[in-house]
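For reference, each letter of the sequence shown is one residue, going 5 to 305 in our numbering.
Let me begin by presenting the structure, written as C-alpha cells, before commenting on it.
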Amino acid sequence: MTAFINALPGDVAQGLIWGILALGVYITFKVLNFADMTVDGSFATGGAVAVMLILNGVPVPLAMVASFGVGVLAGCVTGIFHVVMGIPDILSGILTQFILYSINLHIMGAPNKAVSVANYPLVISLRYINKAILTGLIFVAIVIVLLYIYFGTEQGSALRATGNNPHMSRAQGINIGGMKLLGLAFSNGLVALAGSLLAQYQGYADVNMGRGAIVIGLAAVIIGEVIGGAIFGKRMNFMLRMTFVIVGAILYYIVIGMVLAMQFSTDDLKLFTAVVVAIFMGVPYVKDRLQHGYHRAGKRG
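This is the structure we're talking about:
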C-alpha cells in the first residue's frame with residue numbers, strides 16, 4: 005500500500021500526458037469514426053523529434069511545436085493512403101506506423117536517445133513530480149479549450165458531421181476526404197505532442213515507446229466515457245466528454261500502479277490492459293441489453 009501511495013503522483017503525471025494522446029485518439033475513434041493505427045508510430049516520432057532537436061540546441065518549446073508538426077504530417081500520410089489510394093482505414097494506419105518505425109531510427113540514429121533535465125531546460129520531468137503534474141494540467145486544459153473552440157466552428161462542425169453521417173455530409177457539400185485528412189492530421193499532431201512530453205518526462209525517447217499506445221488511448225476514451233455517462237448521462241456535453249477522456253487516462257494509470265504495487269508480473273500488463281478495455285467496452289452493451297430485457301419483461305408482465 006505504501007508503494008502504491010508513493011507512486012500515485014507519478015501515475016497522475018503520466019495519466020495527464022497520455023490523456024493528451026487519448027484526446028487525439030478520441031478525435032479519430034469517436035468524432036471521425038476512423039480506426040487509426042498510426043498512433044503507435046506518431047507517438048514515438050514526436051518523442052524522437054523533440055529529443056533530437058533539444059540535444060542539438062533547439063529551444064524546448066520550438067522542439068515541441070516541431071513534434072506536433074511532424075505528427076500532423078504522419079496523419080496526412082495515413083489520410084492520403086486512405087482517401088487518395090482507397091486503402092482501408094486500419095491498414096492505412098498500419099502502413100504509416102511501419103514507415104515511421106524506420107523513420108524514427110533514422111531520426112535518432114539509434115534505438116533510443118537520452119536527454120537530461122540536469123543539462124537542458126525541459127518543461128516536464130519525473131525528477132520534479134509536483135511541477136510535472138501542474139505542467140500536465142496546464143497542457144491538458146489548453147488542449148481541451150482549443151479543441152472545444154475549434155469544434156464549435158463551421159469547419160469543426162463539418163468534421164463532426166463527417167464522422168456522424170458521411171453520406172448526408174457529402175450531400176450537404178462537405179468534402180469528406182478533406183475532413184478525414186484534417187481530422188487525422190489534428191489527431192496525430194496531438195499524439196506526437198504527447199510523445200514529446202513523455203520523452204522529456206522520462207528522460208529519453210525510444211523507437212518502441214509508442215508500442216501499444218493505441219490500446220492505452222482507447223482504454224482512456226472508453227473508461228472516461230463509461231464513467232462520465234454514469235455520472236452525467238445525456239447531459240454530458242462535448243467539453244465534459246473530453247475532460248473525462250483525461251480522467252480515464254489518469255484512472256488507467258492509477259489502476260496500473262495498483263497492479264504493480266500488488267507485485268504482479270510486468271509481463272502481464274498488456275494482458276491486464278486488454279481485459280480492462282474489453283470490460284469497459286462491454287459495459288454499455290451489457291447495460292443496454294439488461295435494460296431492454298427488463299423493459300420487455302415489464303411489458304409481458
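Here a beta-carbon is modelled for each residue, glycine too, at the ideal position from N, C-alpha and C.
The distance from the Cβ of I148 to that of T166 is about 21 angstroms, inconsistent with a contact at the 8 angstroms cut-off.
Counting only the Cα atoms, I31 lies some 32 angstroms from L59. The residue among Q159, R239, F236 and L151 with its C-alpha nearest the C-alpha of L27 is L151. Under the DSSP definition of a beta bridge, N212 lacks any partner.
F72 is the residue among D40, G61, V35 and F72 whose C-alpha sits nearest the C-alpha of G51.
The C-alpha of G160 is placed about 35 angstroms away from the C-alpha of H110.
Annotation: N108 is outside any beta strand (DSSP E); the continuous alpha helix (DSSP H) that includes it extends over D93 to M112.
At the C-beta level, L12 and I231 stay beyond 9 angstroms of one another. Within the model, the alpha-carbon separation for I9 versus I91 is close to 47 angstroms.
Between the alpha carbons of L163 and A209 lies a gap of roughly 32 angstroms. According to DSSP, A118 shares a beta bridge with Y208.
CA-to-CA, the gap between G237 and I218 works out to about 26 angstroms. Assigned with DSSP and collapsed to three states, I283 falls in helix. Distance from the CA of G182 to the CA of L264, rounded to the nearest whole angstrom, comes to 44 angstroms. A straight line joining the alpha-carbon of A118 with that of A67 spans about 15 angstroms. In this structure, V43 keeps its C-beta atom at 9 angstroms or more from the C-beta atom of G187. At the C-beta level, G233 and M240 come within 9 angstroms of one another. Under the 10 Å beta carbon count, T157 is surrounded by fewer than 16 other beta carbons and is classified as exposed. N37 and M112 have their alpha carbons spaced roughly 33 angstroms apart.
Of the candidates K274, P288 and L20, L20 places its Cα closest to the Cα of I142. Straight-line spacing of the CA atoms in F47 and A196 works out to 5 angstroms.
Annotation for L130: no alpha helix (DSSP H) segment contains it, and DSSP assigns it neither H nor E.
Residues of the same chain with a CB within less than 7 angstroms of the CB of Q206, apart from the 5 flanking positions on each side, are L130 in chain order. Note on geometry: alpha-carbon atoms of V55 and H171 lie some 43 angstroms from one another. Distance from the CA atom of V211 to the CA atom of L294, rounded to whole angstroms, is 44 angstroms.
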